[in-house]
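Visitor: Quick note: the sequence shown uses our numbering, first residue 4, plus one each step. We put the beta carbon where it would ideally sit given N, CA and C, even for glycine. Please read these numbers as outputs of a predicted model, since none were measured by experiment. I'd like to ask some things about the structure below.
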Amino acid sequence: MPGLLARLRRGTSDFLRLTRFFQSQADPWERLAIRVAARAFGLASERQFLDYLDGPSRVPIASLEDLCNWLRDCEALDDQTLFFQADFWQHPVTFEHLRKGDCEDHALWAWRQLHRLGFHPLFMAGLWNDTAHAWVTFEDRGAPILLESTAKSGPLTQPLPSVRDRYCPALAVDVSGRTFVYQGYPRFLAAARPTLPPR
4 MPGLLARLRR GTSDFLRLTR FFQSQADPWE RLAIRVAARA FGLASERQFL DYLDGPSRVP
64 IASLEDLCNW LRDCEALDDQ TLFFQADFWQ HPVTFEHLRK GDCEDHALWA WRQLHRLGFH
124 PLFMAGLWND TAHAWVTFED RGAPILLEST AKSGPLTQPL PSVRDRYCPA LAVDVSGRTF
184 VYQGYPRFLA AARPTLPPR
């Protein structure tokens, strides 16, 4: 019983923290460190995020340039086309084999490889031009960078301040498993809700 009461107290405390956080209606990039279930990131997000870091990589990546070049040669395909499912999250090892996938498959692979290169990346879910999307952010020599892992032309990495207005973050996870919710989460939820046909 004491464990249950502690969980209820913690849950109530988290709820109150989130309520206060969203009442401030600040910059969509403002975040709160709070425990978030993996499933909140997407319908098919069923693994713990640290599982995506497991397993050997068959792709020799020695630099950020190597990472971007490898991703650029991968094919961006939606899950319905590739797996005949509305949503399917590949493990990065599978993505290396297929070299095809949607935004979260590309972003999870980049997140894992950036970590192996010594960066401290965040896997992010939210909206890009009002469409559900996944991407990665990290710091390089103190500068915040956004990595658009599905880009096939132009640079994959850009200074975050120059592109932040095109992205509305909702959730993020770091390589230690710590999760964050962003001020953009309510907008993400509203966009993710299916619209009902008129009566």
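1) Expressed to the nearest angstrom, what Euclidean distance is found between the alpha-carbon atoms of Asn132 and Ala194?
2) With a CB to CB cut of under 7 Å and the five nearest residues on each side skipped, what residues in its chain are close to Pro172?
3) How would you call Gly104, buried or exposed, if buried means at least 16 neighbouring beta carbons within 10 angstroms?
4) Determine whether the beta carbon atoms of Phe141 and Pro124 lie at a separation below 8 Å.
5) Is DSSP giving Leu111 helix, strand or coil here?
6) If I follow the unbroken alpha helix (DSSP H) through Val184, where does it start and stop?
7) Please state whether DSSP places Phe126 in a helix, a strand or coil.
8) For Pro158, which of helix, strand or coil comes out of DSSP?
9) Which residues in the same chain have their Cβ closer than 6 Å to the Cβ of Trp112, if we skip the five residues on either side of it in sequence?
10) Measuring alpha carbon to alpha carbon, tell me which of Tyr170, Leu56 and Ser66 ends up nearest Asp143.
11) Evaluate the contact criterion for the region 40 to 53 versus the region 75 to 94: three or more CB pairs, one atom per stretch, below 8 Å.
12) Identify, in the order they occur along the chain, each residue of the same chain with its Cβ nearer than 6 Å to the Cβ of Cys77, setting aside the five sequence neighbours on each side.
13) Report all residues from its chain with a CB closer than 6 Å to the CB of Val176; omit the five preceding and five following residues, and keep chain order.
14) State the Cα-Cα distance for the pair Val166 and Ala137, rounded to the nearest angstrom.
15) Measuring straight from C-alpha to C-alpha, what distance separates Thr84 and His118?
16) When we look at the beta-carbon of Glu49 and count the other beta-carbons within 10 Å, is it buried (16 or more) or exposed?
17) Can you tell me where the beta strand (DSSP E) with Glu142 in it begins and where it stops?
Guide: On the basis of the supplied data:
1) Residue 132 sits at position 129 when you count from the first residue of the sequence shown. Residue 194 sits at position 191 when you count from the first residue of the sequence shown. CA-CA distance, Asn132 to Ala194, rounds to 11 Å.
2) Against the sequence shown, residue 172 aligns to sequence position 169. These residues qualify, in order along the chain: Pro31, Trp32, Met127, Gly129, Tyr185 and Gly187.
3) Position 101 of the sequence shown holds residue 104. By the neighbour-count criterion, in which 16 or more other beta carbons inside 10 Å mark a residue as buried, Gly104 falls on the buried side.
4) By 1-based counting over the sequence shown, the position of residue 141 is 138. By 1-based counting over the sequence shown, the position of residue 124 is 121. Yes, Cβ-Cβ distance for Phe141 and Pro124 is below 8 Å.
5) Within the sequence shown, numbered from 1, the residue matching residue 111 stands at position 108. The answer is helix: DSSP assigns Leu111 an H, G or I state.
6) In the sequence shown, residue 184 corresponds to position 181, counting from 1. Judged by DSSP secondary structure, Val184 falls outside any alpha helix (DSSP H) and instead within the beta strand (DSSP E) spanning Thr182 to Tyr185.
7) The residue given as residue 126 occupies position 123 in the sequence shown. Annotated three-state conformation of Phe126 is strand, per DSSP.
8) Here residue 158 is taken as the residue at index 155 of the sequence shown, counted from 1. If DSSP states are grouped into helix, strand and coil, Pro158 belongs with coil.
9) Reading the sequence shown from its first residue, position 109 is the one you call residue 112. Same-chain partners within the cutoff: Pro95 and Phe98.
10) The residue labelled residue 143 in the question sits at position 140 within the sequence shown. The alpha carbon of Asp143 has as its nearest neighbour, out of Tyr170, Leu56 and Ser66, the alpha carbon of Ser66.
11) The answer is yes - the region 75 to 94 touches the region 40 to 53, with three or more Cβ pairs under 8 Å.
12) In the sequence shown, residue 77 corresponds to position 74, counting from 1. These residues qualify, in order along the chain: Arg102.
13) Position 173 of the sequence shown, counted from the first residue, corresponds to residue 176. Phe52, Phe126 and Thr182.
14) Within the sequence shown, residue 166 is the residue found at index 163, counting from 1. Within the sequence shown, residue 137 is the residue found at index 134, counting from 1. Their Cα atoms are separated by approximately 14 Å.
15) Counting from 1 along the sequence shown, the entry for residue 84 is found at position 81. Counting from 1 along the sequence shown, the entry for residue 118 is found at position 115. Looking at the two C-alpha atoms, the distance is approximately 30 Å.
16) Reading the sequence shown from its first residue, position 46 is the one you call residue 49. Counting Cβ neighbours within 10 Å, Glu49 comes out exposed, since fewer than 16 surround it.
17) Here residue 142 corresponds to residue number 139 of the sequence shown, with the count starting at 1. Looking at the DSSP string, the run of the beta strand (DSSP E) that includes Glu142 is Thr134 to Asp143.
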